[in-house]
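Reading through the structure tokens given below for one structure.
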Amino acid sequence: MRFGHFDDKNREYVITTPKTPYPWINYLGTESFFGLVSHLGGGYCFYRDARLRRLTRYRYNNVPVDNGGRYYYVVDGSDYWSPTFMPVKRPLDRFECRHGLGYTRITGERNGVTAEVLYFVPLGETCEVHQVTLKNQSSQKKTLTLFSFVEFCLWNAWDDMTNFQRNFSTGEVEIEGSTIYHKTEYRERRNHFAFFHVNQPLLGFDTDRETFLGTYNGFGEPEVVAQGKPRNSVASGWHPIGSHAITVELEPGAEKQLVFVLGYVENPKEEKWERPGVINKRRAHQLIERFSTPEAVARAFGKLQEHWQGLLSSYQVKSPDEKLDRMVNIWNQYQCMVTFNMSRSASYFESGIGRGMGFRDSNQDLLGFVHLVPERARERILDIAATQCPDGSAYHQYQPLTKRGNHDIGSGFNDDPLWLILGVAAYIKETGDVAILDENVPFDNDPNDTATLLEHCKRSFDHVLNNLGPHGLPLIGRADWNDCLNLNCFSETPDESYQTTQNRTGRTAESVFIAGMFVHIGPEYAALCERKGLAEEAARARAEVAKMEKVVLEHGWDGAWFLRAYDFFGNKVGSNECEDGKIFIEPQGFCVMAGIGVKTGEAVKALDSVKERLDTRYGIVLQNPAYKEYHVELGEISSYPPGYKENAGIFCHNNPWVAIAETVVGRPERAFEYYKKIAPAYLEEISEIHRLEPYVYAQMIAGKDAVRHGEAKNSWLTGTAAWNFVAVSQYLLGVRPEWDGLVVKPCLPKEFGEFTVERRCRGATYVIHVKNSGGTTPSLKVDGKPIPGHVVPYQPAGSRVVVECTT
Ligand code: BGC
Ligand code: NOJ
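Reminder that position 490 of the sequence shown reads as 992 in the numbering used here, one-by-one numbering, no gaps.
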């Protein structure tokens, strides 16, 4: 069942009923000011940091779901309603929500009145614009009252939801004309405030929540709205809100546009006050002035659309499969940009107060956005590398505001260091900017301990070699990619976090997955060395990689698939000998991507075992059979009920590894089948089962052992976005920047048909026509001339070349 449809021309998903299975959201903002907005107008916004600078309040885990947003109420005679359906929930004659790139437009119609709200964050600004358009479609004159509503968060979102004994006494506002200023804590250490403005004279306003709603009412039944009369309340403590009341008279057929601006302003400390107790509003006035007319809004909106048009034009495909096209051209790239901005901080599943930026997460996200914003990718790499420790290990997370490693979680996730090499290699392949390797970057942000970025990569590489276990495989540490395979944790205490608790020291638990990573990513390190003329170091690296490959085949092969690990006691994990958790997806994907066993047959065997034991109609589960009981020696993985999360859920992040692996062994049918199983556009028809947005990936879909097989959770902020973009753009469609040129080597079934990719890289444009007959060793012509191999040499910036590829 569908709840809307794709509008590819406008790059929108159009939701046609308020009653989706779960709130389907979108993101506003591209630089420093961000908002989350659901199809019902729910969500919140923040400046840079969703925990420390939250402008509006949102209630996670509330009843009903999606509680808190930027709401509008239309009072029409004795009737009142919300164009976003929530919070009033009065039935609408028509409802439509269009989620687009960086904006959302929601329209509701009732009794001959149409109200449309366009939400977006203009480029370069620290505000949301809400443009409300009211239209009288009836044959009578209408006199309406429009009420706006936002509830302010007292800035620190964690404090805001816990420290009520203080918070109920701190709230402060100022009102000036049609602008409501939220200035809680401004009198002390905060030099920032928020404001909510409308470009119209007011009938009145309210800034105190209790006055507006009534003590025992929810957002859906505000007393003020029900009575149609603002009370001009001035908040003092309790819960500051911003609500404007505006009278709108509309002749039949007439319409009126109102521009609301919800903004954030920082003042230099010396310029905080206009006079004692009165905030200096100069910067707010300027910002308000910039959006005082619908024309100004239209201009800013146009710029936002151009911005996205420009970004997305670096990779565009035209194929016979419209679902693939809309994923590749629009939604997958868009999601990659959202993960760039948010990492894993703020979504409808991440509260914005928990995890900061993940070391491994951000390096992987980079694979999906490096072609879109290469300069910002450069900065990101340097930030990440600065949280590496001198011994090559890395803080698992760092805070976006301070860019410092997070001490609570610390280091010890032994896969982390290798992801840095992968990110750096991807960046240089995309840009050719080898000079980044010479950048001086601190260890642990200590300006007195710095080294080149290349040296950071060396320490990453050597960190693996310095931490080998009894079989010569890498030690797992706290965990590897699978945060929940905690082989040294042995936690028996409820409430203790698997992620942060003290681990046993022991140098036995080994990860075949990190070994696969080492074989896959190690050669990238060697290539970096070669770029710098360090032939000897490159040779050393390649020799170590070759050694590891042997170790994997000797101690990491279980007969029909790759083992997952050896536990603390040296027992096998992910072996046919195990009762549960006999086979895991991660080492199969990564070892085959690395090329292990491709020539000797293990690779194909491993992938066939994946097909046989892990594949389901909704995607590939993480392992099988699911753990039925808690295993203290395995940790969090066995804490989940069977079929959810790492305990045999379909953990979408690693499905594309298998799809890529299938291309490595030259099986396009399987690769494409795996791609389609979890790509959201292909799941649109089963939205009632999948339940989350059909335009973005979710982290997890419940596996075959789960009660709710096929149901997705945790949409938006997941490494799934980047890896699927890599899989589809670089391996299925087959266009991939390498060291010396653009590889063109598609791997898609014959039935897929012909297609064209337009790829911008290093300033040149490559128009690649693929005559696809399902083969995997294509022949290429560049501007009509045949070339040997699969690599189109990089062309000068500004040039446009035509590549013909026949498979
Ligand atoms: C989740 C993982 C996540 C980890 C870190 C675990 O509970 O299952 O997917 O990476 O927490 O927050
Ligand atoms: C989510 C984390 O963000 C990611 O880093 C990890 O690899 C997966 N969980 C698997 O546990």
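Using N, Cα and C, we set each Cβ at its ideal position, and we do this for glycine too.
If you compare the alpha carbons of E1213, K1107, N1274 with that of P1170, the shortest gap goes to N1274.
When C-alpha distances from Q811 are compared across W833, G1076, Y1177, the shortest belongs to W833.
In the displayed model, K931 falls within a helix according to three-state DSSP.
Linking Q639 to C599 through their CA atoms gives a straight-line distance of about 19 angstroms. Between T522 and F508, the C-beta spacing is not below 7 angstroms. The closest CA to that of R857, considering only L1124, N947, Q702, T1002, is found on T1002. DSSP places Y718 outside both helix and strand once states are collapsed to three, so it counts as coil. Between the alpha carbons of V590 and R711 lies a gap of roughly 16 angstroms. Here the distance from the Cβ of C547 to the nearest heavy atom of ligand 1 is not below 6 angstroms.
Judged by the Cβ position, K1147 qualifies as a neighbour of ligand 1 at the 6 angstroms threshold, a heavy atom of the ligand being closer than this.
Remark: the C-beta of D982 is outside contact range of ligand 1, defined as less than 6 angstroms to any heavy atom. E852 and F1257 have their C-alpha atoms some 38 angstroms from each other.
The beta carbons of V652 and F698 sit closer together than 7 angstroms. Collapsing the DSSP output to three states places L764 in a strand.
V1134 is a Cβ neighbour of F992, given a cutoff of 7 angstroms. Put simply, the segment 906 to 924 touches the segment 1014 to 1027. At least three CB pairs are less than 8 angstroms apart. The straight-line gap separating the alpha-carbon atoms of V539 and A981 is approximately 34 angstroms. In the three-state DSSP reduction, N969 falls in the coil class, being neither helix nor strand.
Cβ contact annotation for T713 (same chain, cutoff 6 angstroms, sequence separation greater than five): R733, S735, in chain order. For V1284, the closest of G1277, N968, C1307 by C-alpha to C-alpha distance is C1307.
At a cut-off of 6 angstroms, the beta-carbon of D661 does not count as near ligand 1: no heavy atom of the ligand is closer than that. Counting only residues of its own chain and dropping the five nearest sequence neighbours on each side, L1109 has a CB closer than 8 angstroms to the CB of Q1090, V1094, V1160, A1163, E1164, V1167, R1169, R1172. The residue from P770, A747, D708, Y688 with its alpha-carbon nearest to that of L760 is A747. As the crow flies, the alpha-carbon of R572 is around 40 angstroms from that of A896. Exposed is the label assigned to T795, since fewer than 16 other Cβ atoms lie within 10 Å of its Cβ.
At least one heavy atom of ligand 1 falls within 6 angstroms of the beta-carbon of D985. For Y546, there is no enclosing alpha helix (DSSP H); the residue is found in the beta strand (DSSP E) stretching over 545 to 549. Comparing C-alpha distances from A1150 to each of Y1176, D1117, F1174, A1181 shows the shortest one belongs to D1117. A Cβ-Cβ distance of about 5 angstroms is found for the pair V872 and Y929, placing them in contact under the 8 angstroms criterion.
Rounded to whole angstroms, the gap between the alpha carbons of G1058 and Y1068 is 9 angstroms. For the segment 1156 to 1185, the full-length alpha helix (DSSP H) segments reaching 4 residues or more read 1157 to 1166, 1170 to 1180 along the chain. Scanning the segment 787 to 865 from its first residue to its last, the whole alpha helix (DSSP H) runs of 4-plus residues come out as 796 to 814, 824 to 828, 834 to 844. Per DSSP, reduced to three states, the secondary structure at N1216 is strand. Going by DSSP, Q1201 is part of the beta strand (DSSP E) stretching over 1200 to 1203.
Closest in C-alpha terms to G604, from the list Y529, W657, V1305, F1092, comes Y529. Under the DSSP assignment, G610 falls in the beta strand (DSSP E) whose first and last residues are 605 to 612.
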